[in-house]
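Here's the structure we're looking at; comments come further down.
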Amino acid sequence: MRVIRTGNFRRAGFRGRYPGPIWPPVLPPWAQERLSACQRHPAAQWSWAYRRELAEVALYIGAYLVYVFSQGLVYEDTRAVAVFNGERIATLQQSLGFLWEPGWQAWAIEHVQGIVVFLNWAYIVTYWPVILALAIYLFLRNRREYYYYRTVVLLDLIVALAAFALFPVASPFAIPTVELTDTIQVFGPALYGSETMAIFYNTSAAMPSLHFSWTVILGVFWLRTLPGPFKAAGIVYPVLTFFAITVTGNHFILDAVVGGVLAGLCFGVVEAWQRLTPGLAAYYRSLPHMGWRKVGLGRIRSMGRSSGSGWGSGSGSAGLGR
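All residue numbers for the sequence shown refer to the numbering used here, where the first residue is 127 and numbers rise by one.
This is the structure in structure tokens:
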């Protein structure tokens, strides 16, 4: 409980004797009774105990909805603009001498189709399943690392969403002038990326490649944290993703390059932000390593023990902290 002392009370512009702490507020008896009843309700205890988890889930759902519904906000015919911009990127890469994606794909299809099928599955399995699994693990085991890398990813997404709206780019396989095939539709699994699933993702969001950008962020995490030879995963993972997104015809090389640069810039911004705000850095350092035993059930039980006193009285607030 924060107590405002007399000196601070007078400096704030109030006259007379300090009347006592103003928080928690003094509620009338009927309000305290209603508040205590709400606090004892299992749903209220559960939602309060898992308030951080619910906030993170709401953040992810909100970010996904913005990602999906932000397409088409700037241009009337976003798809036509995206195809035109894709042709410009292909022309730029060809003029610079590294439009290699059609050659890579043609060689793989002709000589080793097994590699194509492997990269198709790698494109799917090594993206969201890995990212979400690692996010859940860090949230439960190491909040400090979780909030740091979540901030990097969120900043990366914000910049990418602006790019998708202002400069939409279609996948290379959808550009008529580029000799690339959608290998996932040809060799499977055909459900992924089909017309049925098109409503769940932005079809004009190839530049920058979030697929590559986020795997670079995870690669940096593994390079920093994994011991000894396991650090190689921090290199292998982005390299595998690079070939998965290009050979399958989903991204240009330049999409991946811009995505990698964006990831590096976001790391730089977050690092600079922490240096300029020592309080934020100290907060990150103070976050505990958490495990399953420290999450959820123990907090609900502690709330149950303290639920006899209402929030308005102040005596039950100790059981509500996290």
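Just so it is clear, CB atoms sit at the ideal spot from N, CA and C, and this is done for glycine as well.
With fewer than 16 other CB atoms across the displayed protein chains lying within 10 angstroms of its CB, Leu352 is exposed. For Val295, the beta-bridge partners assigned by DSSP are Ala331. The residue among Leu349, Asn211, Thr217 with its C-alpha nearest the C-alpha of Val295 is Asn211.
Here Asp282 is buried, its C-beta having at least 16 other C-beta atoms within 10 Å.
With a cutoff of 7 Å on beta-carbon distance, Tyr318 and Ile250 are scored as near each other. Just so you know, the alpha carbons of Ala216 and Ser339 end up roughly 20 Å apart. Secondary structure note for Gly390: its alpha helix (DSSP H) is the uninterrupted segment 379-402. Closest option to Pro302, judged by alpha-carbon separation, among Gly375, Pro355, Ile310: Gly375. The three-state secondary structure of Phe224, taken from DSSP, is coil. Burial state of Tyr275 is buried, judged by a 10 Å Cβ sphere holding 16 or more other Cβ atoms. Taking C-alpha positions only, Ser221 is separated from Gln231 by approximately 20 Å.
For Phe313, the uninterrupted alpha helix (DSSP H) run begins and ends at 309-313, by DSSP.
Leu306 is positioned such that its CB atom lies closer than 7 Å to that of Pro298.
Of the residues assessed, Gln197 falls on the buried side of the cut-off, its CB having 16 or more other CB atoms within 10 angstroms. Contact check for Pro334 against Leu388 passes: the beta carbons are separated by less than 7 Å. If you look at Gly375, you'll find it isn't in any alpha helix (DSSP H); DSSP assigns it neither H nor E. Per DSSP, Thr252 is not a residue of any alpha helix (DSSP H), being assigned neither H nor E.
Around the beta carbon of Thr204, a 10 Å sphere encloses 16 or more other beta carbons of the protein chains shown; the residue is thus reported as buried. Put simply, the backbone Cα of Val183 is about 44 Å away from that of His237.
Annotated three-state conformation of Gly188 is helix, per DSSP.
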